[in-house]
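Asker: This is the structure I want to talk about, given as structure tokens.
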Amino acid sequence: MGHGVILGDRIDYTVPVRDSAVSGFSDEDRERIRTELLEAGRQQLLDLGPDRTRVVDITEPVGIAKPTFYQFFDSKAEIYLEICTREIETFTDDLAADLATMDDPRAEFEQFVRARVRFLEENPYVHRVLAEGHPRDVLGSVSQDRADRARAAVVADLVPIVEDIQRRAEGPITEMDPVTVCRLMKPLVLLVIDQQEHPRDDYEEIRDLSIEMLARGLVENG
1 MGHGVILGDR IDYTVPVRDS AVSGFSDEDR ERIRTELLEA GRQQLLDLGP
51 DRTRVVDITE PVGIAKPTFY QFFDSKAEIY LEICTREIET FTDDLAADLA
101 TMDDPRAEFE QFVRARVRFL EENPYVHRVL AEGHPRDVLG SVSQDRADRA
151 RAAVVADLVP IVEDIQRRAE GPITEMDPVT VCRLMKPLVL LVIDQQEHPR
201 DDYEEIRDLS IEMLARGLVE NG
């Protein structure tokens, strides 16, 4: 069965799933059904999460039988990987456009970090699907190589944003690998996850202070 393939830093979703003669669908119908499955899956994933969503919950709104789902995706994990990758790509593109209007490198970097944290806060299931080493690994049925490449592509999409800040900034950030800069946000990711699992009253204060300290430590005032 077919699925999207990774080309460069992004995933190409246009690879045909099956020959139309085999699937019984015309190319036009196959494209329409696949799009509707992705939208139905997106709503289920964002509202209920991967554990509470069944394949039939995705196929019923589209009007196809459960077995037909597997003509389009190898597994529930496959469709979740594609949905989450698309969600993050959209977020990254929007973030890059927003940051392009700023001219203070430290303020821009701080906003970059805040936006990433806010995305994690508002999309816990998206993060869980792509989180490496999560105790309930949603991508368990996807090959390790494909899962690793998808996770790496998420970071790769952020690199141009960091590089743009580095070109205009002063301070330690200018001497660092952009990927390392992205990975320095891991403690904030863990903070968000901890808050989602064990809420605490001082979370926002700790989060905001951590973001400010990271920005001050890496980027000098212009």
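Mind the numbering: the sequence shown is residues 1 to 222 in full-length UniProt numbering, read in order. Every residue gets a Cβ at the ideal spot worked out from N, C-alpha and C, and that includes glycine. Small disclaimer: the values here were computed from a predicted structure and weren't measured.
If you measure between the beta carbons of Arg183 and Val117, is that distance less than 8 Å?
Answerer: Residue numbering aside, residue 183 sits at position 183 when the sequence shown is read from its first letter. Residue numbering aside, residue 117 sits at position 117 when the sequence shown is read from its first letter. No, they are not a contact pair.
Asker: To the nearest angstrom, how far is it from the Cα of Val192 to the Cα of Glu121?
Answerer: Position 192 of the sequence shown holds residue 192. Position 121 of the sequence shown holds residue 121. Taking the Cα positions, Val192 is about 6 Å away from Glu121.
Asker: Between Ala153 and Leu190, what straight-line distance do the alpha-carbon atoms span, to the nearest angstrom?
Answerer: As a working note, residue 153 is residue 153 in the sequence shown. As a working note, residue 190 is residue 190 in the sequence shown. Distance between the alpha carbons of Ala153 and Leu190: 20 Å.
Asker: Give the straight-line distance between the Cα atoms of Arg35 and Asp27, rounded to the nearest whole angstrom.
Answerer: Taking the first residue of the sequence shown as position 1, residue 35 is located at position 35. Taking the first residue of the sequence shown as position 1, residue 27 is located at position 27. Reading off the sequence, residue 35 comes out as Thr, not Arg. The alpha-carbon atoms of Thr35 and Asp27 are separated by roughly 12 Å.
Asker: Ends of the alpha helix (DSSP H) at Asp98?
Answerer: As a first step, residue 98 must be located in the sequence shown, where it is residue number 98. That run of the alpha helix (DSSP H) goes 76 to 99.
Asker: Please report the straight-line C-alpha distance between Ile165 and Thr101, rounded to a whole angstrom.
Answerer: Counting from 1 along the sequence shown, the entry for residue 165 is found at position 165. Counting from 1 along the sequence shown, the entry for residue 101 is found at position 101. Taking the straight line joining both Cα atoms gives about 12 Å.
Asker: Would you kindly work out how many angstroms separate the C-alpha atoms of Phe73 and Ile79, rounded to a whole number?
Answerer: Locating residue 73 in the sequence shown gives position 73, counting from the first residue. Locating residue 79 in the sequence shown gives position 79, counting from the first residue. Each residue's alpha carbon lies about 6 Å from the other.
Asker: From Thr53 to Gln44, what distance separates their C-alpha atoms?
Answerer: Locating residue 53 in the sequence shown gives position 53, where the first residue counts as 1. Locating residue 44 in the sequence shown gives position 44, where the first residue counts as 1. The straight-line gap from Cα to Cα measures roughly 6 Å.
Asker: So, is Thr180 buried or exposed, given that buried needs 16 or more other C-beta atoms within 10 angstroms?
Answerer: Here residue 180 corresponds to residue number 180 of the sequence shown, with the count starting at 1. In summary, Thr180 is exposed, with fewer than 16 beta-carbon neighbours lying within 10 Å of its beta-carbon over all protein chains present.
Asker: May I ask you to report which of helix, strand or coil DSSP gives Met27?
Answerer: Along the sequence shown, one-based indexing puts residue 27 at 27. Per the sequence shown, the amino acid found at residue 27 is Asp instead of Met. DSSP places Asp27 in helix when its eight states are reduced to three.
Asker: How is Arg67 classed by DSSP in three states: helix, strand or coil?
Answerer: As a position in the sequence shown, residue 67 is number 67, starting the count at 1. Going by the sequence as given, residue 67 is Pro instead of Arg. Helix.
Asker: Output needed for Ser75: all residues of its chain with C-beta closer than 8 Å, excluding positions within five of it in sequence on either side, in chain order.
Answerer: For the purposes of this step, residue 75 is identified with residue 75 of the sequence shown, where counting begins at 1. Correct list, in chain order: Ser141, Val142.
Asker: Classify Asp157 as helix, strand or coil using the three-state DSSP reduction.
Answerer: What you label residue 157 is simply residue 157 of the sequence shown in a count that begins at 1. DSSP, reduced to helix, strand and coil, places Asp157 within a helical segment of the structure shown.
Asker: Tell me whether the beta-carbon of Glu220 lies closer than 8 Å to the beta-carbon of Glu110.
Answerer: For this step, residue 220 is matched to residue 220 along the sequence shown. For this step, residue 110 is matched to residue 110 along the sequence shown. Result no, Cβ atoms of Glu220 and Glu110 do not sit closer than 8 Å.
Asker: If Leu99 and Glu108 are in contact, beta carbons under 8 Å, what's the gap, nearest whole angstrom?
Answerer: Here residue 99 refers to the residue found at position 99 when the sequence shown is read from its first residue. Here residue 108 refers to the residue found at position 108 when the sequence shown is read from its first residue. Indeed, because the Cβ distance is near 5 Å, the residues count as touching under 8 Å.
Asker: Within the same chain, show all residues whose beta-carbon is closer than 6 Å to that of Gln195, passing over the 5 residues directly before and after it, in chain order.
Answerer: Position 195 of the sequence shown, counted from the first residue, corresponds to residue 195. Counting only Cβ-Cβ distances below 6 Å, and skipping sequence neighbours, we find Tyr203.
Asker: For Met213, which three-state DSSP category applies?
Answerer: Working through the sequence shown from its first residue, we reach residue 213 at position 213. The answer is helix: DSSP assigns Met213 an H, G or I state.
Asker: Beta-carbon within less than 6 Å of Asp57's beta-carbon, same chain only, minus the 5 sequence neighbours each way: which residues are those?
Answerer: Here residue 57 refers to the residue found at position 57 of the sequence shown. So the qualifying residues of the chain are Gln44.
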